[in-house]
Amino acid sequence: MKVYTKTGDTGTTALFGGTRVPKHHIRIESYGTVDELNSHIGLIRDQEINSHYKDVLIEVQDRLFTVGAILATPPEKETLKNGEKRLQNLGILETDIDYLEKEIDAMENSLPQMTHFVLPGGHTTVSYCHIARCVCRRAERLAVHLNDIEPTDELVIKYLNRLSDYLFVLARKLSFDLKADEVQWIPRK
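Residue numbers (the UniProt record's numbering): 1 to 189.
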C-alpha cells in the first residue's frame, strides 16, 4: 500500500464511510486538531518524566485515536448497511473521563493550592504540556462547533474538556517535580 493516493490532490478528502468533503471542512479540522494534539502528547511522553505519567499519556493517545475516528465518521455513516455499527468496540466511555479525573485528583493532592493564574513556562517539558493543553482546548472548541452543525458524541466533548484540565494539572505537577519556576500572573494596577 502506498502512502500517497493522489485522491486529495483536488482539495478534498474522504471521511469514514467514503463521503468526500473539502479539506477545510469542520469535521476535518476537528479530527485533524485531535491528531495534532496526539503528536504534542507524544512529545511530552518522550521527555524525562515519571513512568506513571508516560503510561497515562499512552492511554490518552489511544483514546485520542478513538476520538479522531468518531469525529471522522458522519452521523449518516455510523451504521453499516448490514445494521452493524461502523466503529464497533470503539467509543469514549464515562470510565475514560473518570480515569482522567482520578489522575487529576491524585496530582492535585500533592500540589500547593493555586492562588493565582500561572504563566506557561519554567521548563521545556512544562511548556510542552501547556502547548498540548491549548491545542486540546482548540480541539474541544472545534468539536463543539461540529456538534452545532451535526450531532457529535457528547462524551467526546466532555473527554476533551477533561483532558485539557489534566494537561494543565500535569504541567503544574511537572513544574513541582522538576523544581521549575512556576511564575504566577499578577495583574498590573
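All residues carry an ideal CB built from backbone N, CA and C; glycine is no exception. This structure is a prediction, so every number in the text was calculated from the model and none was measured.
Grouping DSSP H, G and I as helix and E and B as strand, with all else coil, what is residue i?
{"i": "glutamine 61", "result": "helix"}
{"i": "alanine 171", "result": "helix"}
{"i": "lysine 34", "result": "Reading the sequence as shown, one finds valine at residue 34 and not lysine. Of the three classes helix, strand and coil, the one that applies to valine 34 here is helix, per DSSP."}
{"i": "glutamate 48", "result": "coil"}
{"i": "tyrosine 99", "result": "helix"}
{"i": "histidine 25", "result": "coil"}
{"i": "isoleucine 131", "result": "helix"}
Could you work out which residue in the options is closest to residue i when comparing CA atoms only?
{"i": "phenylalanine 176", "options": "Lys158, Cys136, Met107, Arg133", "result": "Met107"}
{"i": "threonine 73", "options": "Ser39, Thr5, Gly32", "result": "Gly32"}
{"i": "threonine 125", "options": "Val156, Asn89, Ala171, Leu93", "result": "Ala171"}
{"i": "lysine 23", "options": "Asp9, Ile131, Leu167", "result": "Asp9"}
{"i": "glutamate 154", "options": "Ile97, Asn38, Ile58", "result": "Ile97"}
{"i": "leucine 87", "options": "Leu43, Asp55, Asp105, Thr66", "result": "Thr66"}
{"i": "residue 199", "options": "Val135, Asn147, Ser110", "result": "Residue coverage of the chain in this structure runs from 1 to 189, which leaves residue 199 outside it and unanswerable."}
{"i": "isoleucine 92", "options": "Leu111, Ser127, Leu64", "result": "Leu64"}
{"i": "glutamate 140", "options": "Gly68, Thr95, Asn50, Gly42", "result": "Gly68"}
On the DSSP bridge list, what partners appear for residue i?
{"i": "alanine 14", "result": "Arg20"}
{"i": "glutamine 184", "result": "Val118"}
Buried or exposed, going by whether 16 or more other CB atoms sit within 10 Å of the CB of residue i?
{"i": "phenylalanine 168", "result": "buried"}
{"i": "tyrosine 166", "result": "buried"}
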